[in-house]
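K.L.:
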Amino acid sequence: GPNGALEATHPLALAPVTGPASNVDGFVRQFLRNLNYERGVPLSASSPNDQYFAFAMTVRDYLMARWLEDLRRQRVTQSKSVCYLSAEYLLGRQLDNNLLASGLTDIATEAMAQCGIDIEELRAQEVEPGLGNGGLGRLAACFIDSLATMSVPNIGYGIRYEYGIFRQTFVDGQQVEQPDAWLELGSPWEFPHPEFAQTISFGGHTETYDDEGVTRSRWVPSWNVRAVPYNYMVPGYLNGRVNTLRLWSAQATNSFDLRVFNSGDYEEAVRAQTYAENISKVLYPEDSTPQGKELRLQQQYFFVAASIHDFLDHMVADDFGLENLADRVIFQLNDTHPVIAVPELMRVLVDEKKLEWDAAWAITQKCFAYTCHTLLPEALEVWSVELLGRLLPRHLEIIYRINEEFLLEVRERFGDDEIRLRDMSIIGEFPERSVRMAYLATVAGAKVNGVAELHSQLLRDKVLPDFNEFFPGKFTNVTNGITPRRFIRLANPELSELITSALGTGWLTDLERLRGLESYAEDPDFRAAFREVKAANKRVLSDVLRARDGFEVSDGHMLDVMVKRLHEYKRQMLKLLHIVTVYEGIVSGRVDAASVQPRTFIFGAKAAPGYAMAKRIIHLINAVGSVVNADERVQGRLKVLFPQNYNVTLAERLIPAADLSEQISLAGKEASGTGNMKFALNGALTIGTDDGANVEIRQLVGDDNFFLFGMAEPEVEALWARGYKPAEFYQHDESLRRAMDLIASGAFSGGDRSVFEPVVSNLLYDDRFMVLADYASYIEAQAKVDAAHADEDAWTRSAILNVARCGFFSSDRSMRDYIDRIWHTPPAF
Ligand code: 7GP
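Mapping the sequence shown onto full-length UniProt numbering, position 20 (from 1) lands on 27, and the numbers just tick up by one.
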């Protein structure tokens with residue numbers, strides 16, 4: 008049971024010990040103790056990795072008492088917890104964040120100085136856990152930070168991938184993927200708990216049996232794996248709270264067959280082990296497109312089954328009535344990846360706990376809520392009935408029954424409307440029988456939310472309109488947010504200091520207070536200081552890019568930055584057409600290079616390894632970069648930089664240095680975006696379409712402080728309806744034609760016209776994301792950017808107003824919205 012006798016009665020268990028490192032001497036002593044006793048080395052012989060470990064452990068030790076206390080209180084008080092179920096957590100480096108949260112930064116810096124250790128070198132040792140692909144995974148990391156900071160009981164459940172998102176390198180300008188062996192040297196932040204392992208089953212068949220006169224179903228699986236939990240601390244910012252991130256690692260149940268091994272067939276002996284352990288081996292490097300892979304479904308079921316059982320076994324008191332489970336927990340489904348949790352909870356309640364179906368369904372419908380993160384139809388996950396039935400036969404039966412009862416209700420309400428019934432069925436028939444996971448989540452979830460106003464509205468009215476009609480009040484919006492601790496305080500310490508000098512402390516946990524900066528936008532001294540912060544951040548970035556990529560960032564350039572996954576809908580191609588247009592103007596002699604405002608364009612993006620067009624676009628960006636950067640006619644006024652392996656650590660350096668933020672997706676395609684918020688809060692101006700959270704950013708900062716361009720979503724729809732012919736835009740726009748022709752001519756591929764032909768013809772004859780339709784408007788908006796940037800004071804005023812007016816985008820606010828509209832979990836203790 009959850010209330011262990013020892014911890015409830017032993018006095019030491021109730022009185023948390025103070026951290027041993029709360030002053031410089033204590034820190035030094037604890038650091039040396041960890042170095043000697045945990046790493047087994049003397050200071051004189053320790054490697055930078057040893058020192059990093061001992062240092063991290065010292066921070067850890069400081070947080071430990073609070074963590075143990077919060078774990079205990081979660082069980083003892085039985086107050087409602089948020090279980091965030093997410094296949095991805097894109098955490099970024101932990102050391103600085105944990106130092107900041109514990110208030111130890113100054114003490115630790117001084118302590119290391121006394122030991123003769125450069126703390127910067129220690130920071131550099133940490134390999135960031137890249138356990139996510141992009142926006143969705145980073146959002147999960149921001150959310151758990153905010154929940155801890157707001158003292159909301161939370162467990163983040165996910166997968167401890169042995170290899171995170173691949174490391175990207177460029178070979179001749181083309182992406183090459185390398186495995187991300189982030190655990191090679193171990194991690195000081197994780198705590199394995201093999202004693203709390205869960206057994207997770209797969210395969211087999213189902214059968215019915217007589218249970219004292221009642222006919223019941225049960226699952227007879229054919230193979231098992233062990234799910235071993237690894238705990239990570241999630242400390243709140245200076246509030247003494249530490250929540251838990253619990254990631255599951257797959258292990259074979261009986262590691263290998265000793266008899267086969269002894270007979271000499273070593274490969275066969277470990278085959279089962281390898282198979283089982285593959286489940287948590289590697290993160291799928293997909294973003295927004297599903298990969299119909301069996302292993303992926305195994306991963307999904309593996310982690311949600313382990314999580315549900317973990318919570319029920321260890322967190323719910325024995326006497327807590329299951330009928331009240333929704334008073335103890337809400338399982339938040341981060342997109343459809345964890346949705347198989349729905350039939351799993353039903354299976355537990357009906358087959359194992361022997362509840363009536365209706366009672367179990369009533370509980371289940373209160374315990375789940377679903378967040379959708381996309382609008383791309385191809386990104387809505389489906390699983391073929393064949394696969395699901397083979398891997399999880401009992402779950403398929405349960406899904407069928409959920410669907411049957413749901414469609415009965417639909418029929419009752421709307422009559423025998425066969426088209427509607429087919430459209431709303433959780434089981435789709437074409438091109439093959441499959442389970443529509445978003446529908447299952449919508450039927451089961453107490454609430455369904457999109458991630459920005461526009462996205463939630465399109466979700467309700469365009470993607471799931473029948474469901475909205477059927478479930479009035481189920482659909483809601485929670486606009487995304489970002490944690491200001493990592494993305495302002497840690498990423499931009501200089502700006503943070505400037506803000507504090509104006510507003511005092513407190514804004515980091517109450518970000519709407521940034522409004523107080525509005526009046527400072529009119530103060531010339533403040534503007535000068537603000538510009539100096541930007542300049543200092545550019546110097547930091549310049550050092551980072553020199554060391555990391557061998558790049559030189561030129562002084563006096565506007566930094567124009569586009570960082571996000573490479574995807575056609577995000578339209579890196581549109582950005583590139585702008586660059587080629589300016590370049591073509593110079594080399595054709597129509598534009599005097601000296602009249603061009605100096606700009607450095609920075610890209611950061613990974614393409615999914617199987618996404619050929621995205622990889623070609625990466626190749627093209629690099630190709631354009633090498634030609635433009637080397638062309639003397641440009642006089643150094645245009646530069647294109649594409650550092651490899653864009654990740655959280657690099658984002659933290661790029662964003663604070665940026666002048667211009669590129670948010671140029673086709674309207675109606677980017678669910679929200681969160682990079683857009685990070686840039687605005689760090690004083691970059693946005694050039695963007697009316698898409699995702701851009702809409703809300705523009706509403707808040709005002710039209711004068713935002714460069715809007717392109718079609719709005721209704722215009723996009725209208726153009727599709729009329730029939731979109733991209734070639735017509737090419738024919739009627741000379742500047743576009745020149746840019747496209749230059750690419751087609753082989754100018755960026757050593758004269759070889761074939762290399763980028765697929766990119767060009769895709770734009771001319773298909774262009775699903777209407778790059779050509781928005782080109783003219785984009786070029787016009789870029790001219791306005793140039794004009795605005797020429798007025799330094801006006802630009803700085805706008806930049807300050809962006810910071811002042813974007814406090815809304817704190818993930819603390821997002822969490823408050825989830826709590827008010829979906830979770831109803833008050834902050835506890
Ligand atoms: C992303 C969305 O593309 C982005 O617009 C949003 O800001 C972010 O989620 C957080 O809500 N989606 C994904 O990263 C993703 O993998 C799976 O979606 C369907």
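Glycine included, every Cβ here is placed at the ideal spot set by N, Cα and C.
The structure presented is a predicted model; accordingly, all values stated were derived computationally and were not measured.
By DSSP, does residue 837 sit in helix, in strand, or in coil?
P.N.:
Outside the displayed span of the chain (8 to 836) sits residue 837, for which this structure offers no information.
K.L.:
What's the C-alpha gap between P199 and E169?
P.N.:
As a first step, residue 199 is located in the sequence shown; it is residue number 192 there, counting from the start. As a first step, residue 169 is located in the sequence shown; it is residue number 162 there, counting from the start. Whole-angstrom Cα-Cα distance: 14 Å.
K.L.:
Quick check on the DSSP output: the beta strand (DSSP E) that includes A234 runs from which residue to which?
P.N.:
Here residue 234 refers to the residue found at position 227 when the sequence shown is read from its first residue. From DSSP, the beta strand (DSSP E) with A234 extends over 230-242.
K.L.:
Who are the Cβ neighbours of V792 in its own chain at under 7 Å, not counting the five residues just before and after it?
P.N.:
Counted from its first residue, the sequence shown places residue 792 at position 785. Only L667, I694, F714 meet the Cβ criterion.
K.L.:
Can you tell which of I625, F413, F686, V655 has its C-alpha closest to the C-alpha of F477?
P.N.:
Taking the sequence shown and counting its residues from 1, one reaches residue 477 at position 470. Ranking I625, F413, F686, V655 by Cα distance to F477 puts F413 first.
K.L.:
Q81 to M322, Cα distance in whole Å?
P.N.:
What you label residue 81 is simply residue 74 of the sequence shown in a count that begins at 1. What you label residue 322 is simply residue 315 of the sequence shown in a count that begins at 1. Approximately 7 Å between the Cα atoms of the pair.
K.L.:
Please find out if some non-hydrogen atom of the ligand 7GP comes closer than 7 Å to the beta-carbon of L447.
P.N.:
Translated into positions along the sequence shown, residue 447 becomes position 440. No, since every heavy atom of the ligand 7GP falls outside the 7 Å radius drawn around the Cβ of L447.
K.L.:
Would you call the stretch 112-123 and the stretch 177-195 touching, i.e. three or more CB-CB distances under 8 Å?
P.N.:
Contact between the stretch 112-123 and the stretch 177-195 is absent, because fewer than three Cβ pairs lie under 8 Å.
K.L.:
Is S295 near the ligand 7GP, judged by its Cβ being under 7 Å from some heavy atom?
P.N.:
Numbered from its first residue, the sequence shown carries residue 295 at position 288. Result yes, Cβ under 7 Å from the ligand 7GP.
K.L.:
Please state the DSSP three-state secondary structure of G632.
P.N.:
Residue 632 sits at position 625 when you count from the first residue of the sequence shown. Three-state result, G632: helix.
K.L.:
Which word fits K582, buried or exposed, when buried means at least 16 other C-beta atoms lie within 10 angstroms of its C-beta?
P.N.:
As a first step, residue 582 is located in the sequence shown; it is residue number 575 there, counting from the start. Buried, because 16 or more other Cβ atoms sit within 10 Å of the Cβ of K582.
K.L.:
What is the rounded straight-line gap between the Cα of H17 and the Cα of D77?
P.N.:
Along the sequence shown, read from residue 1 onward, the residue named residue 17 stands at position 10. Along the sequence shown, read from residue 1 onward, the residue named residue 77 stands at position 70. Confidence is the limiting factor: at H17 the pLDDT is only 48, short of 50, which leaves the residue's position unreliable and the question unanswerable from this model.
K.L.:
Suppose you measure from the CA of V289 to the CA of Y282; what does that come to, to the nearest Å?
P.N.:
Reading the sequence shown from its first residue, position 282 is the one you call residue 289. Reading the sequence shown from its first residue, position 275 is the one you call residue 282. Their Cα atoms are separated by approximately 13 Å.
K.L.:
Can you name, in chain order, every residue of its own chain whose Cβ lies under 6 Å from the Cβ of R812, other than the five neighbours on each side?
P.N.:
Locating residue 812 in the sequence shown gives position 805, where the first residue counts as 1. These residues qualify, in order along the chain: L707, V708.
K.L.:
Taking 8 Å as the cut-off, does the stretch 525-539 touch the stretch 662-676 (at least 3 CB pairs, one atom from each stretch)?
P.N.:
Segments in contact, no.
K.L.:
DSSP has E184 in a bridge; who is on the other side?
P.N.:
For the purposes of this step, residue 184 is taken as residue 177 along the sequence shown, with counting starting at 1. Paired residues: Q175.
K.L.:
With DSSP collapsed to three states, give me the class of N10.
P.N.:
Residue numbering aside, residue 10 sits at position 3 when the sequence shown is read from its first letter. Low confidence applies here, because N10 scores a pLDDT of 38, under 50, leaving its location unreliable and the question unanswered by this model.
K.L.:
Whose C-alpha, out of I370, D187, S256, is nearest the C-alpha of G328?
P.N.:
Here residue 328 corresponds to residue number 321 of the sequence shown, with the count starting at 1. Ranking I370, D187, S256 by Cα distance to G328 puts I370 first.
K.L.:
Which residues in the same chain as G141 place their Cβ atom closer than 6 Å to its Cβ, once the five residues preceding and following it in sequence are excluded?
P.N.:
Taking the first residue of the sequence shown as 1, we reach residue 141 at position 134. Excluding positions up to five away in sequence, the list reads D294, R572.
K.L.:
Using only CA atoms, which one of E703, L688, E787, V631 lies nearest to G758?
P.N.:
As a working note, residue 758 is residue 751 in the sequence shown. Closest option to G758, Cα to Cα, is V631.
K.L.:
When every heavy atom of the ligand 7GP is checked, does at least one fall within less than 7 Å of the C-beta of H380?
P.N.:
Start at 1 with the first residue of the sequence shown, and residue 380 comes out as number 373. Because some heavy atom of the ligand 7GP lies under 7 Å away, the Cβ of H380 counts as near it: yes.
K.L.:
Just reading off the alpha helix (DSSP H) that P721 is part of, what are its end residues?
P.N.:
The residue you call residue 721 lines up with position 714 of the sequence shown. Where P721 is concerned, the enclosing alpha helix (DSSP H) stretches over 720-729.
K.L.:
Determine, using beta carbons only, whether V442 and L395 come nearer to each other than 8 Å.
P.N.:
Within the sequence shown, the letter at position 435 stands for residue 442. Within the sequence shown, the letter at position 388 stands for residue 395. Yes, these two residues count as a Cβ contact at 8 Å.
K.L.:
Can you pull the DSSP bridge partners for V598?
P.N.:
In the sequence shown, the residue the question calls residue 598 occupies position 591. DSSP lists no partner for V598.
K.L.:
Quick check: does the Cβ of V277 come within less than 7 Å of any heavy atom belonging to the ligand 7GP?
P.N.:
Against the sequence shown, residue 277 aligns to sequence position 270. The answer is no for V277.
K.L.:
Can you tell me which of V134, I162, G680 puts its alpha carbon nearest to the alpha carbon of V336?
P.N.:
Indexing the sequence shown from 1 puts residue 336 at position 329. Considering only alpha carbons, the answer is I162.
K.L.:
Which of helix, strand or coil does DSSP assign to A15?
P.N.:
Indexing the sequence shown from 1 puts residue 15 at position 8. Its pLDDT being 45, under 50, A15 is placed unreliably in this model, and the value from its coordinates should be taken loosely. Three-state result, A15: helix.
K.L.:
Taking 7 Å as the cut-off, is the C-beta of N30 nearer than that to any heavy atom in the ligand 7GP?
P.N.:
Walking along the sequence shown from the start, residue 30 turns up at place 23. Result no, Cβ not under 7 Å from the ligand 7GP.
K.L.:
Just checking, does the stretch 98-112 make contact with the stretch 239-258 on the three C-beta pairs under 8 Å criterion?
P.N.:
Yes, they touch.
K.L.:
Between N544, A554, D317, T222, which lies nearest to N253 when the distance is taken from Cα to Cα?
P.N.:
The residue labelled residue 253 in the question sits at position 246 within the sequence shown. As written in the sequence, residue 253 is Arg, which differs from the Asn given in the question. Among N544, A554, D317, T222, the Cα nearest to that of R253 is on D317.
K.L.:
Does the ligand 7GP have a heavy atom nearer than 7 Å to the CB of residue 1?
P.N.:
Here the chain comprises residues numbered 8 to 836, so residue 1 is not present and cannot be evaluated.
K.L.:
Is Y96 closer than 8 Å to L138 when the C-beta atoms are compared?
P.N.:
In the sequence shown, the residue the question calls residue 138 occupies position 131. In the sequence shown, the residue the question calls residue 96 occupies position 89. Yes, the Cβ-Cβ distance between L138 and Y96 is below 8 Å.
K.L.:
Going by CA-CA distance only, name the one from R248, N689, A664, D698 that's closest to I489.
P.N.:
Locating residue 489 in the sequence shown gives position 482, counting from the first residue. I489 has its Cα closest to that of N689, out of R248, N689, A664, D698.
K.L.:
Put M777 into one of helix, strand or coil per three-state DSSP.
P.N.:
Within the sequence shown, numbered from 1, the residue matching residue 777 stands at position 770. Looking at M777 - three-state DSSP - the assignment turns out to be coil, as it is neither helix nor strand.
K.L.:
Do G682 and V570 have their beta-carbon atoms positioned less than 8 Å apart in this structure?
P.N.:
Here residue 570 corresponds to residue number 563 of the sequence shown, with the count starting at 1. Here residue 682 corresponds to residue number 675 of the sequence shown, with the count starting at 1. Cβ distance < 8 Å, so V570 and G682 count as in contact.
K.L.:
In its own chain, which residues sit with a C-beta less than 8 Å from the C-beta of N56, not counting the 5 before and 5 after it?
P.N.:
On the sequence shown, position 49 is the one that residue 56 refers to. Correct list, in chain order: Q132, L192.
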